[in-house]
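Q: Just passing along the structure, written as structure tokens.
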Amino acid sequence: MAEVTRGGPLDRRIAVASLLERRDDLLVVTGLGSPSYDVMAAGDHDNNYYLWAAMGSACMVGLGLACAQPNKTVLVLTGDGEAMMGFGALATIAVKAPRNLSIGVLDNGHFGETGMQVSHAGLGVSIDRVAATLGFAWTAEINDYDGVSAFRERLGRRDGPQLATIKIMAENPPRALPSRDGAFIKNRFRAALGIAPI
416 MAEVTRGGPL
426 DRRIAVASLL
436 ERRDDLLVVT
446 GLGSPSYDVM
456 AAGDHDNNYY
466 LWAAMGSACM
476 VGLGLACAQP
486 NKTVLVLTGD
496 GEAMMGFGAL
506 ATIAVKAPRN
516 LSIGVLDNGH
526 FGETGMQVSH
536 AGLGVSIDRV
546 AATLGFAWTA
556 EINDYDGVSA
566 FRERLGRRDG
576 PQLATIKIMA
586 ENPPRALPSR
596 DGAFIKNRFR
606 AALGIAPI
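Position in the sequence shown (first residue = 1) + 415 = this note's numbering.
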């Protein structure tokens with residue numbers, strides 16, 4: 416049986432807030448649950464696209480957005496459990512190789528939304544190493560805030576898809592809930608991109 420690693424040393428809220436400093440027109444897609452709460456806690460923004468009840472979809476939504484908006488920088492923030500559920504998405508992203516897509520995997524080694532069961536990452540799967548093997552242009556495992564800051568500085572680079580596994584503590588801070596109105600989120604996001612609502 417694989418050794419249980421169960422997350423890392425970083426406070427998820429501090430790490431996410433640091434990533435979103437000086438965000439300018441950064442487009443952010445959040446995985447369901449805690450990544451959405453973390454992004455909301457860092458400050459709601461018209462360029463945030465929060466996903467609800469779509470586990471495993473965040474990376475593919477980010478890919479579609481990166482392809483549709485090649486002049487914008489896209490950041491997907493998702494959890495290790497969701498990234499594993501949609502694992503095939505990483506292969507598709509590597510093949511499509513969007514230059515403007517970055518993925519931050521908030522890895523606490525647990526399924527935070529369903530009772531804190533140990534996840535595949537908590538049992539030793541290194542999502543960043545898988546992405547590197549698939550052909551991502553840049554990958555890293557981040558265990559300190561300097562690494563978070565370095566990842567933030569890389570977001571605007573356009574040299575291929577990049578993925579960082581951000582090792583966070585296994586804890587559930589108080590929820591900061593964004594709107595659950597999907598039509599509102601969609602139309603607000605479209606308006607921020609200068610696209611008419613539907």
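Where a beta carbon is used, it is the ideal one built from N, C-alpha and C, also for glycine.
Predicted model, so just to flag it, every value in this text is computed and none were measured.
Would residue 422 and residue 558 qualify as a contact pair, given that the criterion is a beta-carbon distance under 7 Å?
A: Cβ distance not < 7 Å, so residue 422 and residue 558 don't count as in contact.
Q: Mind checking whether residue 447 and residue 466 have CB atoms under 7 Å apart?
A: In contact: residue 447 and residue 466 (Cβ atoms closer than 7 Å).
Q: Decide if residue 582 is buried, meaning its Cβ has at least 16 other Cβ atoms within 10 Å, or exposed.
A: By the 10 Å Cβ count, residue 582 comes out buried.
Q: In chain order, which continuous runs of the beta strand (DSSP E) of length 3 or greater are located wholly inside the stretch 434–497?
A: Counting only runs of 3 or more, we get 442–445, 463–465, 489–494.
Q: Buried or exposed for residue 474, please, with buried defined as at least 16 other CB atoms from any protein chain shown within 10 angstroms of its CB.
A: Counting Cβ neighbours within 10 Å, residue 474 comes out buried, since at least 16 surround it.
Q: Which value, in whole angstroms, describes the spacing of the CA atoms of residue 489 and residue 544?
A: Roughly 21 Å between the two C-alpha positions.
Q: DSSP three-state label for residue 416, please.
A: With a pLDDT of 47 at residue 416, under the threshold of 50, the predicted position of this residue should be treated as unreliable, and no value is reported.
Q: If you draw a straight line from the alpha carbon of residue 469 to that of residue 451, how long is it in whole angstroms?
A: Their Cα atoms are separated by approximately 12 Å.
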